[in-house]
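For reference, the structure discussed in these notes is given below.
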Amino acid sequence: MIISCEARDGIRMVQSGGARGFQFSGSPQLFSFPASQLFINCNFFPAEFSIVVTLKIPQMAPEKSEYIFTLLEGDSDEPLLGLRLSQNKFHFLQKGHGSRKRITFKAVGLDDNRWHTVVLAVTGCYTILTVDCGTPLEVLERPFPDDLDTTGSTFFIASRRRWNGLFSGLMRQLVLLPGSDATSQICPSSEPQLSALSVPPALLHLPIKPSSTDLPLHPYEAEVRVTAGVSPPCGHSEEGHLWFNTLKRGLFLCDGIVWLTMLQVKEKLDYVEDHQDLFTNSETFDIEVFHIPSVGLFMATANRDSNLGSGIYKWTDGRFERYQNISTYDAQAWQYFTVGKKKFLVVANCRSKDAGDQEQSVIYKWSSRKLKFIHYQTLITHSARDWEAFSIRDETFLTVANHRNHNIDSVIYKWNPVAQFFEVNQTIPTTGAYDWEFFTIGPYYFLAVANTFNGRSTVIDSTIYIWLGGMFQPYQSITTFGAIDWEMFQIENRVFLAVANSQMLTEEGKILYSINSTIYELSMTSQTFIKFQEIETNSALDWEYFTVGDDKFLVVANSYDGNSYSLNSVIYRWQGNEGFIPVHRLSTNGCRDWEYFNTTDGSYLIYSSARAALSKVLKLRTI
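Here the sequence shown is numbered in UniProt numbering, starting from 1 and rising by one per residue.
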């Protein structure tokens, strides 16, 4: 026998967690029916039976309890039978042998906002609870009465007749099966949380099909996620979900693979304005902006002064405020990354703590208890300039750009999931390495190094490596001029690599700072990167790619023209066949690094100075 609810006022069909369920919000009387509709030929409740329920309910407060269903006698509020939930507990209520009693199963973990299928079986002296086809929990009790008369009684779904205790979650199936344990009918299952014995047809398929009048057959809501720019997961279980992006002011639908745009306001960059002067410990060579879920937006600065260390800042009330200080030694760069649920921050130290000691760079791990980064692992480096973290087929790697004595190996480390540490995986000969850039194109993995100086000249090859046979192997070499940074980006199906050339020093000793930096495009014909556009820069040290609405931008860090460090750094906008054209000129002083980030208040750029203990946050004003 199936206890079911037809679509009516107070019942909404809601899609959540990859499945549909009913949500009850109206008067409890709307979800009731006489027991005589079930017990037609006999008014006695079966002595042996199973109740199968599939539900999804958020975490409950300690003092709160909610009813899945009750069977009430006449006008009484005392149940003849019922199922009730409280925090981490499942209660079976019954009346029999002249008294009322409650059987409680503890630590069942049902109120976790996930789907669960529960089977309560009553047979002989045993009451058995099975959750998600797991190990049954048994309670030895007196047999259920065989003379429980249901005459004049009423079933209330999701309540005990009163508003108090109304079930607040979603219910997918509620089935009463007399005479046997229903567990064997639904277990084992490939989806034990959604094991189905008898699910109403309207809840079975995604998405909901409209009727011929283009109106929904049932009241319906899709689960909506709201974020400020960060894309939620979109896979099979999220199919049909909606996502509202407050930053882009857009509504998106998950088709099971990607987010499809439904409605979106197209923003355009109007102008850039000063937002915050951020005074740092000392000159800043690198900025790393990152987000820790449920904690907030952070920024780490790589500061020159070893006595003062480097700072970590948290975005608070629309500004970066100092949050933590970490001892560093002529820090050159930070890299934030995750391994599973672990969150790490690694610093590239250029010098040792004490003269003559081995140089060491350090990995710090975020402590969710202390709410700060703590020392985790030390790695030997050689005048480290950069770290790059990446994953290949569920394996995590970390590569360092070693710069000391110019011609030296840089190292790729691999995470050992057993030892829970990084270990040396591969060494690659580099020439004054300054930067690594990891990127993927289709099924292929690439790693590009920016080689800067070989001891005689900055006119040297920088190399792109491809992952083959479990290691990185040379793929293409490109002549660069004191290369400091690579920036990979894609525009539709086109793949680009931009190099920041800092200076041209020939073996004859001639040096130029105002030189071209180059954007390369991947040629599908030759399967190599070929020159796409040259842009005149002044000792360029960084490129940063970002988008505003449908527009694509590159901003360059111009640092020195041979006479002055006070220069304009330039924002370029993508203009199709014309390439990137200059649209905004920003006054900077010894500009070293650019970072783009989003908050609920809008989009920002921040730049660091290698000449002063001052970084600037700029706000992107849009129309």
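Ideal Cβ positions, reconstructed from N, Cα and C, are used throughout, including at glycine. Small disclaimer: the values here were computed from a predicted structure and weren't measured.
Reduced DSSP category for residue i - H, G, I as helix; E, B as strand; rest coil
i           : result
SER184      : helix
GLU238      : helix
ASN577      : helix
GLN59       : coil
LEU203      : helix
residue 674 : It is not possible to answer for residue 674, since the shown part of the chain is limited to 1 through 623.
PRO429      : strand
GLN37       : helix
LEU30       : helix
LEU166      : coil
LEU194      : helix
GLY469      : coil
VAL418      : coil
ASP593      : strand
PRO474      : strand
ASP214      : At ASP214, the pLDDT of 47 sits below 50, so the modelled position is not reliable; the number obtained from the coordinates is stated separately. It is coil, neither helix nor strand.
ALA158      : coil
ILE208      : The predicted position of ILE208 is uncertain, since its pLDDT is 46 and thus under 50; a value taken from the coordinates is nonetheless stated next. Of the three classes helix, strand and coil, the one that applies to ILE208 here is coil, per DSSP.
ASN493      : coil
GLU283      : coil
SER294      : coil
LYS89       : strand
GLU507      : coil
SER391      : strand
SER383      : coil
GLU534      : strand
Opposing strand residues paired with residue i [DSSP bridges]
i           : result
LYS353      : LYS353 pairs with nothing; no bridge assigned.
SER368      : For SER368, which the question treats as bridged, DSSP gives no partner whatsoever.
LEU176      : ILE51
GLU138      : ILE128
ASN325      : GLY311
CYS254      : TRP259
TYR572      : LEU554, PRO582
residue 631 : With the chain represented from 1 up to 623, any question about residue 631 goes unanswered, as that position is not in the structure.
VAL459      : PHE481
GLY21       : VAL14
GLY152      : DSSP output for GLY152 lists no bridge partner at all.
Minimum C-alpha distance to residue i - residue among the options
i      : options                        : result
SER76  : GLY152, GLY124, ARG249         : GLY152
SER195 : ALA19, ASN416, GLN23, ARG592   : ALA19
LYS616 : ILE186, ILE40, GLY134, VAL272  : VAL272
ASP435 : SER523, GLN332, LYS56, GLU395  : GLN332
LEU371 : TYR313, VAL400, LEU251         : TYR313
HIS403 : ASN493, GLU73, ARG385          : ARG385
SER502 : LEU71, ARG160, ARG592, GLU521  : ARG592
ILE606 : LEU614, THR452, ALA612, GLU595 : GLU595
SER282 : LEU253, ALA47, TYR329          : TYR329
ILE478 : GLN490, SER310, ILE460, MET488 : ILE460
VAL362 : SER352, ILE57, GLY356, ASN538  : SER352
LYS106 : TRP115, VAL199, ARG100, PRO136 : PRO136
GLU544 : PHE597, VAL583, ASP561, ILE511 : PHE597
PRO145 : THR506, ASP112, LEU81          : LEU81
HIS236 : ILE11, TYR513, SER16           : SER16
GLY126 : GLU48, HIS91, PRO200           : Going by the sequence as given, residue 126 is Tyr instead of Gly. It is GLU48 whose Cα lies nearest to the Cα of TYR126.
ILE103 : LEU93, GLY109, ASP112, LEU110  : LEU93
GLY455 : GLY590, THR430, CYS187, ALA182 : THR430
GLU507 : PHE279, PHE481, ILE491         : PHE481
Cβ separation of residue i and residue j, assumed to be a contact under 8 angstroms, to the nearest whole Å
i      : j      : result
TYR465 : PHE446 : 7 angstroms
GLN358 : ASN349 : Contact doesn't hold; Cβ gap of about 11 angstroms is too wide.
ALA483 : ALA500 : 7 angstroms
HIS275 : LEU618 : 6 angstroms
MET504 : ILE515 : 5 angstroms
ALA121 : SER50  : 5 angstroms
GLY21  : LEU170 : 3 angstroms
PRO28  : TRP163 : 7 angstroms
ASP551 : LYS268 : 6 angstroms
ASN568 : THR537 : Actually they are not in contact, since the Cβ atoms of ASN568 and THR537 sit about 11 angstroms apart, beyond 8 angstroms.
Pair within 8 angstroms by beta-carbon distance, residue i and residue j
i      : j      : result
ASN43  : THR130 : no
GLU66  : SER168 : yes
ILE428 : SER457 : no
VAL175 : LEU197 : yes
VAL139 : VAL53  : no
PHE252 : VAL226 : no
ASP286 : TRP334 : yes
THR396 : VAL339 : yes
THR600 : ALA355 : no
heavy atom of the ligand SAH below 7 angstroms from residue i C-beta
i      : result
GLU595 : This structure simply doesn't include the ligand SAH, nor any ligand for that matter.
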